[in-house]
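If you're matching positions, the sequence shown starts at 1 in my numbering and goes up one per residue.
For every residue, glycine included, the Cβ atom is placed at its ideal position computed from N, Cα and C.
Please read all numbers here as calculations on a predicted model, not as lab measurements.
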Amino acid sequence: MNPTTVKTARGYNFSAGPGTLPEDVLIELRDELPVYESIGSSVIEISHRSATYTDIAESARHRLRKLLGLNEEWHILFLQGGASMQFYQIPYNFLTPQDSADYLVTGTWSAKSVKEAKRVGGVNEAASSKDKNFSYIPDPSAWDINEQAVYTHYTSNNTVAGTQFHEEPDVPSTLICDASSDFLSRYMDLDRYGLIYAGAQKNIGPAGVTVVLVKDSFLQTRNPDLATMLDYGVHAEKLFNTPPVFAVYMVEKVLRWLEGKGGIDGIKGVNQEKADRLYNRIDASDFYRGTVEKGSRSFMNVCFRLANESLEPVFIQEAAEAGLLALKGHRSVGGMRASIYNACPIQAVDALVAFMDDFEQKNG
Ligand SMILES: Cc1ncc(COP(=O)(O)O)c(C=O)c1O
């Protein structure tokens with residue numbers, strides 16, 4: 001297979017996760033997978049304690065530091081168990097039955113994180129948009145903040161409903177963020193945070209690794225006598241067990257690719273432009289309608305429906321035939337969802353917009 005074959009066989013992939021990866025990264029992977037540099041084997045067949053893997057993991061950390069502006073106070077962990085493991089690991093490390101944490105419940109994933117936190121300690125659901133199927137981010141003036149909360153957990157981007165915080169929560173306690181579906185799409189105000197986590201499979205790599213950023217001062221407040229594998233301190237101190245080497249190797253490549261795009265400064269403008277083009281098309285006629293409040297719209301997961309909902313399966317089918325893949329919305333919302341993560345090129349959005357124009361002309 002040569003790069004041209006890859007190009008023509010690949011559609012534009014709008015999958016919510018695992019999501020599309022940069023094509024250049026896939027081509028590089030294909031070329032170097034059987035034999036990495038001069039080691040005589042692939043990188044996924046060698047010890048995770050070898051110099052080769054250590055260099056890759058260190059390079060990934062170094063690039064992440066540079067991209068996000070993380071100083072040495074931040075530990076960068078590559079963990080397994082998905083973002084879902086973090087739902088429990090966070091309260092297990094930082095909450096007790098005597099304390100309470102605030103949770104902003106803005107989607108199915110944050111609701112799941114609440115469920116796990118309740119196993120460990122007190123939870124105050126300081127805000128919720130469940131009353132309207134998570135179609136908005138509740139206004140901060142209505143939040144029921146606990147000044148004594150040990151932390152405030154929120155989901156910066158709600159992958160399923162297609163909403164996103166456009167301002168970071170201004171709360172008295174340390175923020176913890178599930179940034180799985182908008183990680184590295186924009187900057188974060190690091191001073192406010194104790195811990196940030198993201199499953200890789202949307203914006204930064206394949207499934208299998210969860211990036212956890214934890215500030216040392218916050219780490220030191222964790223509970224004593226934790227189970228070894230669930231203790232962030234163990235992973236911050238050493239390479240305790242076999243890490244997800246393939247996923248980390250891919251993350252390193254995606255980070256390099258992102259640097260080539262101008263880093264976060266470069267990509268955030270493109271992300272804004274992609275979202276604007278798509279939302280403008282949705283709003284241009286009554287044939288389409290967005291499913292969330294305009295001020296809460298996600299730049300990563302764009303959810304929309306047709307006025308005539310019975311045509312939606314036809315839209316999804318014909319789009320797939322045209323090479324516009326994985327547009328079916330989550331069952332809890334219905335309709336369509338276009339996930340336009342960092343690696344989704346602007347050409348994909350333009351192709352989708354053109355398809356939407358055609359589809360409306362034929363069926364409107
Ligand atoms: C915002 C968010 N958090 C958590 C998860 C769960 O991630 P994982 O499947 O890696 O456990 C997802 C998955 O889609 C997600 O979108």
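{"Item": "Taking the alpha carbon of D383 as the point to measure from, which residue in S156, W143, S135 and S185 has its own alpha carbon closest?", "Value": "Beyond the ends of the chain as shown, which are 1 and 364, falls residue 383; an answer cannot be given."}
{"Item": "Compare the C-alpha of N13 against each of G334, K328 and K362 and name the closest.", "Value": "K328"}
{"Item": "Evaluate Q98 with the Cβ neighbour count: other Cβ atoms within 10 Å of its Cβ, from every protein chain shown; 16 or more gives buried, anything less gives exposed.", "Value": "exposed"}
{"Item": "For Q164, count neighbouring Cβ atoms within 10 angstroms of its own Cβ and tell me buried if that reaches 16, exposed if not.", "Value": "buried"}
{"Item": "If I'm right that A343 touches L352 with Cβ under 8 angstroms, what's the distance once you round it to whole angstroms?", "Value": "Going by Cβ atoms, the distance from A343 to L352 rounds to 15 angstroms, so no, they are not a contact pair."}
{"Item": "Between the Cα of M85 and the Cα atoms of D231, P224, L29 and E58, which residue gives the shortest distance?", "Value": "D231"}
{"Item": "Is W257 near ligand 1, in the sense that its beta carbon is under 7 angstroms from a heavy atom of that ligand?", "Value": "no"}
{"Item": "Any heavy atom of ligand 1 closer than 7 angstroms to the CB of G205?", "Value": "no"}
{"Item": "Check L195 in the structure and name its three-state DSSP category.", "Value": "strand"}
{"Item": "Three or more beta-carbon pairs under 8 angstroms between the region 264-280 and the region 142-149, yes or no?", "Value": "no"}
{"Item": "How do the region 39-57 and the region 188-202 stand: do at least 3 beta-carbon pairs fall below 8 angstroms, yes or no?", "Value": "no"}
{"Item": "Using 8 angstroms as the Cβ pair cut-off and three pairs as the minimum, do the region 88-107 and the region 123-140 touch?", "Value": "yes"}
{"Item": "Could you check whether the Cβ of D178 sits closer than 7 angstroms to any heavy atom belonging to ligand 1?", "Value": "yes"}
{"Item": "Which residue's Cα is closest to the Cα of G335: L306, A320 and D131?", "Value": "L306"}
{"Item": "For the beta strand (DSSP E) containing V123, list its first residue and its last residue.", "Value": "G122 to S128"}
{"Item": "Would you mind giving the Cβ-Cβ distance between H48 and P206, rounded to the nearest angstrom? I have them listed as a contact below 8 angstroms.", "Value": "Not confirmed; about 17 angstroms, so no contact."}
{"Item": "Note the first and the last residue of the continuous beta strand (DSSP E) segment covering T210.", "Value": "T210 to K215"}
{"Item": "Compare the C-beta of T52 against all C-beta atoms of chain D and say whether one is closer than 8 angstroms.", "Value": "Absence of chain D from the displayed structure is noted, only one protein chain being present."}
{"Item": "Just verifying my parser: in three-state terms, what is the DSSP assignment at A275?", "Value": "helix"}
{"Item": "What first and last residue would you give for the alpha helix (DSSP H) that runs through V314?", "Value": "E312 to E321"}
{"Item": "Please return the same chain residues whose Cβ sits closer than 6 angstroms to the Cβ of T20, not counting the five positions on each side in sequence.", "Value": "N13, A343 and C344"}
{"Item": "For R119, is the classification buried or exposed, using 16 other Cβ atoms within 10 angstroms of its Cβ as the cut-off for buried?", "Value": "exposed"}
{"Item": "Is it the case that the CB of W74 approaches a heavy atom of ligand 1 more closely than 7 angstroms?", "Value": "no"}
{"Item": "Please state whether DSSP places H330 in a helix, a strand or coil.", "Value": "coil"}
{"Item": "Check each candidate in A284, M250, C303 and L219 and name the one with the smallest Cα separation from E293.", "Value": "C303"}
{"Item": "Rank A319, F218 and I340 by C-alpha distance to the C-alpha of Q272 and give the top, closest one.", "Value": "I340"}
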